[in-house]
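Visitor:
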Amino acid sequence: MEDVRTVLVLDDSKTFLEDFDSLMSSTFVVLQAQTERDALEHLSRKKVDVMFLDLMLGDGQSGLDVLVRVKEILPDLPVIMLTAHADVETAVEAMRLGAFHYVSKSPKIEELKTLIDKSLAERTLKRDYQVLREEVQRVSGKIVGNGAAMQELLLSIHRVAMTDVTVLISGESGTGKELVAREIHMASKRHERAFVAVNCGSLVKDLVESELFGHVKGSFTGATQTKLGKFELADGGTIFLDEIGDLDNHAQVKLLRVLQEKEIDRVGGTTPIPVNVRVIAATNRDLFAMTQKSEFREDLFYRLNVFPISIPPLRQHKEDIPLLVEHFLRQYEVQLSRPKLRVSPMALEHLMEYSWPGNIRELENIIQRAILLSPTNIVEPEYLPKEIAEIRVPISESLSLPQLEREAKERASRLAILRALDQNEWDIREAARSLGIPEKTLYDKCSKLGIKLRKKA
Ligand SMILES: Nc1ncnc2c1ncn2[C@@H]1O[C@H](COP(=O)(O)OP(=O)(O)OP(=O)(O)O)[C@@H](O)[C@H]1O
Ligand SMILES: [Mg+2]
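993 is the number that the numbering used here gives to position 203 of the sequence shown; each next residue is one higher, with no gaps.
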């Protein structure tokens, strides 16, 4: 028989505890606690699978404080916050502090069951690294990285995807802000509806409002037809406001209104139109610093920064470089029909030493360029840009002497063979003769070294 799950619920209201118990006790073992002490008592005696915790306990005590203490004792116990309708912001704060999710105080049994299942699944994910990687590949096929920072990022993505809150993604250029935004949309319940990306930096100043909110025919010169804005196009789905720091003050005021009222005004329109859109904004600038210099509205900043996600620059998670390189090689194998592409250990050493100011986008471009330049299927340091190839890589501690020797030998063979092929206009028989080896041996070596034989020039 399957284990019956044990659920602990802490709430200061006896009535609520009893209602909760009658809702849940046919499916779960329910432990009730009316005070923090009772709850901790239960936790120390019994194996609890999931905890439900009221955000507002009696006597002005906040559920957040209890949450922090519970997390100290049992860091991977899934905790689901119980909230009255109004305190969604606090509930989100709770998620930042490690709560798994939140649910309203008039819960439905199906909703609770799903949440419990999901929270237990996430705990398993966290516990089992291998499972995490598979799960990640299933749900987020494209976000690669197995270091601690990327795992953390993936967990935030999955958490926030279950909610409808506004997300503010920050990170340097090329760190994957748009990729993360798309991932949140795809993992959310809106995934079958539109994902509309708007680059706020490239909007023409006079047309910002019309682009975002649409306009009515005849509302200004050139408005020959009624046009839907991006918000209306994204209705039911997600709007991605990229480079949000580039919006001018006027557009900031308009956007703030949309976030507050959940309705838009078309330019020249007479009645507001309700829209149901999840907003994800991104920036490579320090928006908070901009608010301090009055370059960005503070009220808008707080409306956007409900759930912040900050993506670290690649130089801070270099441990992911080998996996990223692997990922891009597999992509180009398909795109360029070049099977068995690889990067030599020496070239990888150089890639690991570089500081990557252009982050993952730069890595992607450099791998692609190297593959196009390389006459073989193997990327050697000489096909990397000068500034990377010329980095003095300290005599590697990660490469053993036999590895270094093998690589030096392979490189020498490859150079000699390529030179012979070139000098003999890619005539195999001639090249083999000039190298002093049988033709068959040359074929074998080429295939082993990944040298693609071309037709004679
Ligand atoms: N973790 C990752 N795994 C695989 N590919 C990634 C990852 N992060 C970024 N990329 C790839 O790097 C490129 C840049 O990503 P993206 O466009 O999302 O960055 P960005 O932060 O929006 O950059 P910019 O600020 O320049 O607009 C894309 O091709 C994306 O697919
Ligand atoms: Mg971008």
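Virtual Cβ for every residue (Gly too), placed ideally from N, Cα, C. In this text, all values refer to a predicted model and were calculated from it rather than measured experimentally.
1) In angstroms with no decimal places, state the Cα-to-Cα distance between I1157 and P1147.
2) For T956, which option in N989, S896, L1045 and E900 has the closest C-alpha, if you only look at C-alpha atoms?
3) Helix, strand or coil, according to DSSP, for F891 in the structure here?
4) Throw me the rounded Cβ distance for the L813 and L798 pair, which I believe falls under 8 Å.
5) Using three-state DSSP, classify F806 as helix, strand or coil.
6) Considering Cα atoms alone, identify which of G1240, G935, G1004 and T953 is closest to L1131.
7) Any heavy atom of ligand 1 closer than 7 Å to the CB of L843?
8) Could you tell me the boundaries of the alpha helix (DSSP H) in which F1078 lies?
9) Helix, strand or coil for H981 per DSSP?
10) Compare the Cα-Cα distances from E912 to each of G937, E942 and P897 and report the closest residue.
11) Assign A1013 to one of three DSSP states: helix, strand, or coil.
12) Mind listing, in chain order, the residues whose beta carbon lies closer than 7 Å to a non-hydrogen atom of ligand 4?
13) Determine, using beta carbons only, whether L1225 and A1210 come nearer to each other than 8 Å.
14) Taking 7 Å as the cut-off, does the CB of T965 come closer than this to any heavy atom belonging to ligand 1?
15) Identify whether L1031 lies in helix, strand or coil by the three-state DSSP scheme.
16) Enumerate, from N- to C-terminal direction, the unbroken beta strand (DSSP E) stretches of 3 or more residues contained entirely within the segment 847 to 882.
17) For a minimum of 3 consecutive residues, which ranges assigned as the beta strand (DSSP E) are wholly contained in the segment 1049 to 1101?
18) Give me the Cα-Cα distance between I947 and I974, rounded to the nearest whole angstrom.
19) Just checking I933 against ligand 1 - is the residue's beta carbon closer than 7 Å to any of the ligand's heavy atoms?
20) Since V838 contacts L867 with CB under 8 Å, what's their CB separation in whole angstroms?
21) In angstroms with no decimal places, state the Cα-to-Cα distance between R835 and D855.
22) Between the alpha carbons of A889 and E862, how many angstroms are there, rounded?
23) Rounding to the nearest angstrom, what Cα-Cα distance links E1085 and L1037 in this structure?
24) In whole angstroms, what separates the C-alpha of S1237 from that of E1220?
25) Can you find a C-beta in chain D that's less than 8 Å from the C-beta of L800?
26) State yes or no: is the C-beta of A823 within less than 8 Å of the C-beta of L845?
27) Does at least one heavy atom of ligand 1 sit under 7 Å from the Cβ of N1074?
Guide: Looking at the coordinates:
1) Going from the Cα of I1157 to the Cα of P1147 covers about 15 Å.
2) Nearest option by C-alpha distance: L1045.
3) The question names Phe, but residue 891 in the sequence shown is His. H891 sits in a strand when the DSSP states are folded into three classes.
4) No, L813 and L798 are not in contact; Cβ-Cβ is about 15 Å, not under 8 Å.
5) Reduced to three states, the DSSP call for F806 is helix.
6) Here the closest residue by C-alpha is G1240.
7) Remark: the C-beta of L843 is outside contact range of ligand 1, defined as less than 7 Å to any heavy atom.
8) Unbroken alpha helix (DSSP H) run through F1078: L1077 to Q1082.
9) Three-state DSSP puts H981 in coil, outside helix and strand.
10) Minimum Cα distance to E912 is reached at E942.
11) Three-state result, A1013: coil.
12) What this structure holds is ligand 1 and ligand 2, not ligand 4.
13) Yes, Cβ-Cβ distance for L1225 and A1210 is below 8 Å.
14) It does: the Cβ of T965 is within 7 Å (strictly closer) of some heavy atom of ligand 1.
15) For L1031, the secondary structure class from DSSP, reduced to helix, strand or coil, is strand.
16) Runs of the beta strand (DSSP E) inside the segment 847 to 882: 869 to 873.
17) Complete beta strand (DSSP E) runs here, min 3: 1068 to 1073 and 1097 to 1100.
18) Going from the Cα of I947 to the Cα of I974 covers about 6 Å.
19) Yes, the beta carbon of I933 sits closer than 7 Å to at least one heavy atom of ligand 1.
20) About 7 Å; that satisfies the 8 Å criterion.
21) Cα-Cα distance, rounded: 21 Å.
22) Their Cα atoms are separated by approximately 12 Å.
23) Going by the C-alpha atoms only, they are around 10 Å apart.
24) Cα to Cα, the separation comes out at about 18 Å.
25) In the structure shown, chain D does not exist; there is a single protein chain.
26) For A823 and L845, no; Cβs fall outside 8 Å.
27) Yes, since a heavy atom of ligand 1 falls inside the 7 Å radius drawn around the Cβ of N1074.
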